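Take any residue in the sequence shown, count from 1 to its spot, add 10: that is its number in my numbering.
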Amino acid sequence: MQYFIHQFANGIRLIHYPVSSPVAHCAILVNTGSRDEWPEEHGLAHFVEHTIFKGTTHRKPWHIISALEDVGGDLNAYTTKEETCVHASFMKEDFAKAFDLLSDLIFRATFPEKEIEKEKEIVLDEINSYLDTPSELILDSFEELIYSDNPLGRSILGRTETVRQFTRSQILAFIERTYHTDQMVVAAAGEIDSKKLVRLAEKYFGSLPARIRTDEAKKYRQPPVYHSIQRTENRNTYQTHCVIGTTAYHLNDKRRIGLHLLNNILGGPHMSSRLNMSLRERYGYTYTVEANYTPYSDAGLLTIYFGTDKNYLDKSIRLIRRETEKLRTTKLGSLQLHRAKKQLIGQIAIASENNEAHMLSIGKSLLVFDRVDTIKEVTRKIEEVTDSALLEIANEILHPDKLSMLIYQ
């Protein structure tokens, strides 16, 4: 699997994943997210992602919606703590149409006052919906508590009081401060000649004026300080929810691959994970138990989440501690390690068959690392992880003295 990469004079990078399919995908990823907000801007990165669809200098809102939908395409966007992305799926002959639309949204959005006020109500409804979902809310609350006052700990959606006060001038100032061309990647997956794709991307992205992020702007991102917590909150939920977690490796830490493997063994997205086999299959204490490793540019987080009946809470916590203790004290046997590696490699390979998801993945990789590993290279890195390395990682990350816990009941 080969990727084509090109950089334009204004700093925007292009990556193309050639794939034989009548359907194509493209995206523009911006290296800015909720952690780049000032305190009074809490939720603004996400709000900008919403309001770019409300009109440009060339299109009214309904023209934006119909531009791709009229030819069977799909347009969407998302915001994380460190990136914003607008992406589209369409028939392969409509690359120019998709590039034109994405360029218009990112660089020529007008943010009409009337639409801003209307969108506030939609985002506030989204916040309220989120507050009604304790299994998701508890994860945000956990990060907010362990990262304290650092912007990385704030929720992506924002708070009701900040969203209500957003103004058009705030939006424009945020874009001016964070939407820089050297911090953008255009990603594409589809059956199109790479040279032709470069010409299209030059027209819609590469010919735009350069806006380079200054060193001063880069300094706003500061690594968070980890604060250990043990906390129980009365949320009057039918089910008891619990998160156990700790700080972990950042994106550029070479041990990241080993931790991904360890996390997959412990509570990855498969029925045979140790936590699922213990808490669900053997004892029937929970419907959902999972471990997640989230690396950021300068920090990382490992969390274990489960929901259970209040009568099974303490028993479930003991079982989790038992499984983490096993990983800290006992090396994986050669067969166990081989199976764990094959499982993770297989998951990655199967996921790469989803062309849109794979395009977004390589786009983020280029944005963060300025390079992209092939599946073969990722496989090699996983194969190089040793049983001793996993034991060291488990002892560093899963030590009981380092684990924080938040309970909703």
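Positions of the beta carbon are idealized from the N, C-alpha and C atoms, including for glycine.
In this text, all values refer to a predicted model and were calculated from it rather than measured experimentally.
- In the DSSP assignment, GLY255 falls within the unbroken beta strand (DSSP E) covering 250-257.
- Contact annotation: THR191 and ILE417 have beta-carbon atoms that are not nearer than 7 Å.
- Residue pairing by DSSP places GLU243 opposite TYR418 in a beta bridge.
- Segment contact: the stretch 32-40 against the stretch 98-112, three or more CB-CB distances shorter than 8 Å; contact assigned.
- LEU24 and VAL196 do touch by the CB rule: their CB atoms are close to 5 Å apart, below 8 Å.
- For the set LEU218, ALA211, TYR157 and LEU272, the Cα lying nearest the Cα of VAL235 is the one of TYR157.
- Per DSSP, the beta bridge partners of TYR303 are LEU312.
- Contact between the stretch 105-114 and the stretch 35-52 is present, with at least three C-beta pairs closer than 8 Å.
- The shortest CA-to-CA distance from THR61 to any of ASN41, GLN12 and THR94 is the one to THR94.
- Sequence-distant partners of GLN419 (beyond 5 residues in either direction) whose C-beta falls short of 8 Å from its own C-beta, in its chain, are THR242, GLU243, ASN244, ARG245, THR247, THR250, HIS251, LYS320 and LEU323.
- Using a C-beta cut-off of 8 Å, the stretch 206-219 makes no contact with the stretch 76-86, since fewer than three inter-stretch Cβ pairs fall below that distance.
- Contact between THR177 and THR120 is ruled out by a C-beta separation of about 14 Å, above the 8 Å threshold.
- By the CB criterion at 7 Å, ALA404 and LEU329 fall outside the cutoff.
- Apart from the 5 residues on each side of it in sequence, PHE18 sits with its Cβ closer than 6 Å to the Cβ of GLY216 in its chain, given in chain order.
- Nearest neighbour of ILE355 by Cα position, chosen from VAL253, ARG209, SER145 and LEU271, turns out to be LEU271.
- With a cut-off of 8 Å on Cβ pairs, the stretch 348-362 is in contact with the stretch 385-395, counting three or more such pairs.
- Around the beta carbon of ALA87, 16 or more other beta carbons lie within 10 angstroms, which makes this residue buried.
- Fully contained in the stretch 327-365 are the following alpha helix (DSSP H) runs of length 4 or more, in chain order: 344-361.
- The closest CA to that of LEU342, considering only SER398, LYS352 and TYR13, is found on SER398.
- Bounds of the beta strand (DSSP E) holding HIS97 are 94-101.
- Per DSSP, the continuous alpha helix (DSSP H) segment holding LEU207 begins and ends at 204-211.
- Taking C-alpha positions only, GLU136 is separated from SER44 by approximately 16 Å.
- Between the alpha carbons of ARG266 and GLN12 lies a distance of about 24 Å.
- Contact between ALA258 and TYR303 holds, since their C-beta atoms are separated by about 6 Å, short of 8 Å.
- Inclusion of HIS26 and LEU207 in the CB contact set at 7 Å is warranted, their separation being smaller than that value.
- As far as DSSP is concerned, VAL382 takes part in no beta bridge.
- DSSP places TYR140 in the uninterrupted alpha helix (DSSP H) bounded by 123-141.
- DSSP, read as helix, strand or coil, puts GLN12 in coil.
- Note: VAL33 is bridge-paired with MET101 in the DSSP secondary-structure output.
- ARG332 and LYS391 have their C-alpha atoms spaced approximately 29 Å apart.
- Annotated as proximal: GLY277 and LEU285, with beta-carbon spacing under 7 Å.
- In the structure shown, MET281 falls within a coil segment according to DSSP collapsed to helix, strand and coil.
- Excluding five sequence positions before and after HIS368, the CB atoms of its chain that fall closer than 8 Å to its own CB belong to TYR27, ALA199, ALA361 and SER362, given in chain order.
- The C-alpha of ILE239 lies about 14 Å from the C-alpha of GLY163.
- Considering only LEU115, ARG169, GLU123 and PRO122, the residue with the shortest C-alpha distance to SER139 is ARG169.
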